[in-house]
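Protein sequences appear in the order of chains A and B.
First residue of the first sequence? That's 116 in the working numbering, and the numbers climb one at a time after it.
First residue of the second sequence? That's 116 in the working numbering, and the numbers climb one at a time after it.
Backbone N, C-alpha and C define an ideal beta-carbon position, used for all residues, glycine too.
A short write-up of the structure that comes next.
Number of protein chains: 2
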Amino acid sequence: MAYELTDKDLLDLATGAALLGTGGGGDPLIGRLLVEQALADGCKVRVLDPDELDDDMLVIASAMMGAPTVVLEKVPSGREAVAALRRLEDHLGRQADAVIPMECGGLNSMIPLLVAARADLPVVDGDGMGRAFPELQMETFGVYGVPASPLAIADERGHTAIVATGADNHRTEWFARALTIRMGGSAYIAEYPMTGAQVKRTAIPRTLRLALTLGRTLREAKQEHRDPFDALIDALKQTPYEHGQVLFSGKVTDVSRHVSDGFTQGHALIHGLDSTGTMRIEFRNENLLATVDDRVVAIVPDLITLLDADTATPVTTETLRYGMRVRVFGISTPPIMRTAAALDVFGPAAFGLTQPWQPLEEIAN
Amino acid sequence: MAYELTDKDLLDLATGAALLGTGGGGDPLIGRLLVEQALADGCKVRVLDPDELDDDMLVIASAMMGAPTVVLEKVPSGREAVAALRRLEDHLGRQADAVIPMECGGLNSMIPLLVAARADLPVVDGDGMGRAFPELQMETFGVYGVPASPLAIADERGHTAIVATGADNHRTEWFARALTIRMGGSAYIAEYPMTGAQVKRTAIPRTLRLALTLGRTLREAKQEHRDPFDALIDALKQTPYEHGQVLFSGKVTDVSRHVSDGFTQGHALIHGLDSTGTMRIEFRNENLLATVDDRVVAIVPDLITLLDADTATPVTTETLRYGMRVRVFGISTPPIMRTAAALDVFGPAAFGLTQPWQPLEEIAN
Chain A
116 MAYELTDKDL
126 LDLATGAALL
136 GTGGGGDPLI
146 GRLLVEQALA
156 DGCKVRVLDP
166 DELDDDMLVI
176 ASAMMGAPTV
186 VLEKVPSGRE
196 AVAALRRLED
206 HLGRQADAVI
216 PMECGGLNSM
226 IPLLVAARAD
236 LPVVDGDGMG
246 RAFPELQMET
256 FGVYGVPASP
266 LAIADERGHT
276 AIVATGADNH
286 RTEWFARALT
296 IRMGGSAYIA
306 EYPMTGAQVK
316 RTAIPRTLRL
326 ALTLGRTLRE
336 AKQEHRDPFD
346 ALIDALKQTP
356 YEHGQVLFSG
366 KVTDVSRHVS
376 DGFTQGHALI
386 HGLDSTGTMR
396 IEFRNENLLA
406 TVDDRVVAIV
416 PDLITLLDAD
426 TATPVTTETL
436 RYGMRVRVFG
446 ISTPPIMRTA
456 AALDVFGPAA
466 FGLTQPWQPL
476 EEIAN
Chain B
116 MAYELTDKDL
126 LDLATGAALL
136 GTGGGGDPLI
146 GRLLVEQALA
156 DGCKVRVLDP
166 DELDDDMLVI
176 ASAMMGAPTV
186 VLEKVPSGRE
196 AVAALRRLED
206 HLGRQADAVI
216 PMECGGLNSM
226 IPLLVAARAD
236 LPVVDGDGMG
246 RAFPELQMET
256 FGVYGVPASP
266 LAIADERGHT
276 AIVATGADNH
286 RTEWFARALT
296 IRMGGSAYIA
306 EYPMTGAQVK
316 RTAIPRTLRL
326 ALTLGRTLRE
336 AKQEHRDPFD
346 ALIDALKQTP
356 YEHGQVLFSG
366 KVTDVSRHVS
376 DGFTQGHALI
386 HGLDSTGTMR
396 IEFRNENLLA
406 TVDDRVVAIV
416 PDLITLLDAD
426 TATPVTTETL
436 RYGMRVRVFG
446 ISTPPIMRTA
456 AALDVFGPAA
466 FGLTQPWQPL
476 EEIAN
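Here it is as structure tokens:
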């Protein structure tokens, strides 16, 4: 049912979103500060369950596009993402009834809340990625037939563009990425305009609640001196992301990382502390593949997140470094992210991996 | 007064447009063939004098954007440029009453005629460059206060974008160029939407007639065995481009040419046949500067065109090669292209040249 987010919720949400960022997606911090400022200004973040949407409502997805590292230097005012929404509304000749997150991991867990607060619109509890992914076409909205475009993009100078590429969502990404680069490496988008009925059919539902739950679970486990990983596993059982599991524990012994084509790419090696071999993590912004001695342990779109072994704080691919003691945590994705159509768009092959997808929980057992 | 263009006009126009291309702008050939096909299909190209425009008419500039060499391999169907116009009309919520060329040199002398024919609109006799220039902000429309955006861009797949950058025409160019590159290196644009009153105030008038006149003059001079350069000089006296002059005659002894940042850049050396020294031509798509032994002879925005010494055929920077015998022909630009505001936008400094602008006719005398 509809509810309002509080400051305290935002802290838990940020922790949960970092976990769902699977190493990428950017630090939610700046987004959280902007939402807190909006709340301090008297704005509200009202969350709507997908079931509460009328079928003919207009819902628009909202996000930051570009490099999260750029956002740290080019801090948004908060107006940019609203400007993108307004631009798309103008183009459509119709006002949005709600916004929905493009992704539920990382910084983009916060941007739609900011838009909702500032534009006085509800935000739908759900998203199009169910985690963080690097490209716009990697959304269940598109997998199940909603075109990404018309897409509006806005920068901090008030400049905008509308991209229209029919049903070709790869082209939407291709054109919008070029504009993002020329807008300085980060920009704000409004995309996948759709009806309430389409949201109910194509969105991964209740991922805002999921992130909140995971963040709250970690916080409470620490307060209660309970093992945070056990607590996460228990909490996940109550969600469509049923299966959580510590895949490996060890010390980071090698990190090879380079930025190319606009992505942070590379791999990390983690040496098992109890002679369990060496885990290799391949990443492209997000962690994509975990293997132990060439045996697949977890593979995209299932979630692979590294957490500090002691504090259970999620570790991003940018901050990963030699000597860190980590636990590699795997989370199974819900069925809507595992269909053949979904795997075509964001399964292993979409990232150039040759290993076939296998469900995390089946590998583990 | 209003008139219709014929097939024979198109041939003369192509020759004149090549001359006004000053080495750049691309071969008008493909554009001419597309317009001929439109005429064969029963379409008309009606030309309106700027004086015939009502002040409140909506006029939209039309052009190909990108590398003319790409157009040779990615031949347009003719629908792309019309699609860009339609996209901008949809955005503005108003239908255009006429189209106007962005530039009068090279391939873009033909694209607006194609749009006019296929969209059944008149084309205004005038343009925003008075020659060929490489970038969208280099237009008298913008110099005198008309914003380049909203700009519509379209590719051969039916994909489009609308770029809106307020009064910042450099940003329009910057964003549209990125889209052009991702559309495969050539695309079609509709830009500088303006009123009839704005056209009368900002356009360089009657440059279509100018190109026609120059082309016809060269054709008739050959038929009448008259010196084509003398004929050009005589013809120019009757136009706002008053002063034409053979600046140099010689043999090309060196061409240094490279494609970088999307432009064909470099220089050519021409050795005088009668011991008059060596002329150096600097070009960036278009010829920008002609010097003899470091003395400036002609400089942008005045026109510098190389013509085959025997046939008086204009030579582009791409086809220039060692051993060619050429005449370097200079043409003065009309006053609207020589104000301080105009020189700020497309004078020598806008191309990174350190030499100050000097009127061609004053250097010569």
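For a cut-off of 8 Å, the C-beta gap from L168(A) to P308(A) is around 14 Å, too long to register as a contact.
Using a Cβ distance threshold of 8 Å, S264(A) and T295(A) do not count as a contacting pair. Beta bridge pairing from DSSP links A211(A) with no other residue.
Judged by DSSP in its simplified three-state form, L418(A) adopts strand. Residue E254(B) holds the alpha-carbon nearest to the alpha-carbon of A456(B) among E254(B), T184(B), D171(B), L144(B).
Here the C-alpha atom of V374(B) lies approximately 37 Å from the C-alpha atom of F461(A). Across the stretch 259-281 of chain A, CB contacts with chain B closer than 7 Å involve G273, H274, T275, A276, I277, V278, A279, T280, G281, in sequence order along the chain.
The C-alpha of R331(B) lies about 39 Å from the C-alpha of A276(B). Residue contact check for I296(B) against chain A: a CB pair falls below 8 Å.
Under DSSP, H373(B) takes part in a beta bridge, and its partners are Q380(B). Scanning chain B for C-beta atoms nearer than 7 Å to the C-beta of F290(A) yields A276, L294, R297, reported in chain order. Your pair S447(A) and Y356(A) checks out as a contact, with CB atoms roughly 6 Å apart and the cut at 8 Å. Pairing V185(B) with G299(B), the inter-Cα distance amounts to about 8 Å. When rounded, the separation of the alpha-carbon atoms in D242(A) and L128(B) is 56 Å. Within the same chain, Cβ atoms closer than 6 Å to the Cβ of L403(B) are found at E397, V415, F466, the five residues on either side in sequence being excluded. Assigned with DSSP and collapsed to three states, L266(A) falls in strand. The beta carbon of L323(B) is closer than 8 Å to those of L128, V162, P216, C219, S224, V238, D240, G241, D242 in its chain, skipping five residues each way along the sequence. Taken through DSSP and simplified to helix, strand or coil, R395(B) comes out as strand. Close partners of R286(A) in chain B (Cβ separation under 7 Å): H274. Here D459(B) carries a helix assignment [DSSP, helix/strand/coil]. In chain order, E288 place their CB closer than 7 Å to the CB of E250(A), counting only its own chain and leaving out the 5 sequence neighbours on each side. Cβ contact annotation for E476(B) (same chain, cutoff 7 Å, sequence separation greater than five): H358, S447, in chain order.
Counting along the chain, F344(B) sits inside the alpha helix (DSSP H) bounded by residues 343-352. Runs of the beta strand (DSSP E) lying entirely within the stretch 180-268 of chain B and spanning at least 3 residues, in chain order: 213-216.
Counting along the chain, the unbroken beta strand (DSSP E) around A276(A) starts and ends at 275-279. Residue burial is scored here from C-beta neighbours: V190(A) has fewer than 16 other C-beta atoms within 10 angstroms and is therefore classed as exposed. DSSP, reduced to helix, strand and coil, places A413(B) within a strand of the structure shown. The beta-carbon distance between L435(A) and V370(A), rounded to whole angstroms, is 5 Å. This is short enough to meet the 8 Å contact definition. Taking 8 Å as the cut-off, the beta carbon of A213(A) is found no closer than this to the beta carbon of V150(A). From the listed residues K366(B), A196(B), T469(B), P343(B), the smallest Cα separation to S390(B) is found for K366(B). DSSP places A132(B) in the helix class (H, G or I) of the three-state scheme. DSSP, read as helix, strand or coil, puts P355(A) in coil. Following the DSSP letters along the chain, one finds I446(B) inside the beta strand (DSSP E) bounded by residues 440-446. Taking the Cβ atoms as the reference, M394(B) lies roughly 12 Å from F444(B), outside the contact range of under 8 Å. One alpha carbon belongs to P183(A), the other to T406(A), and they sit about 27 Å apart.
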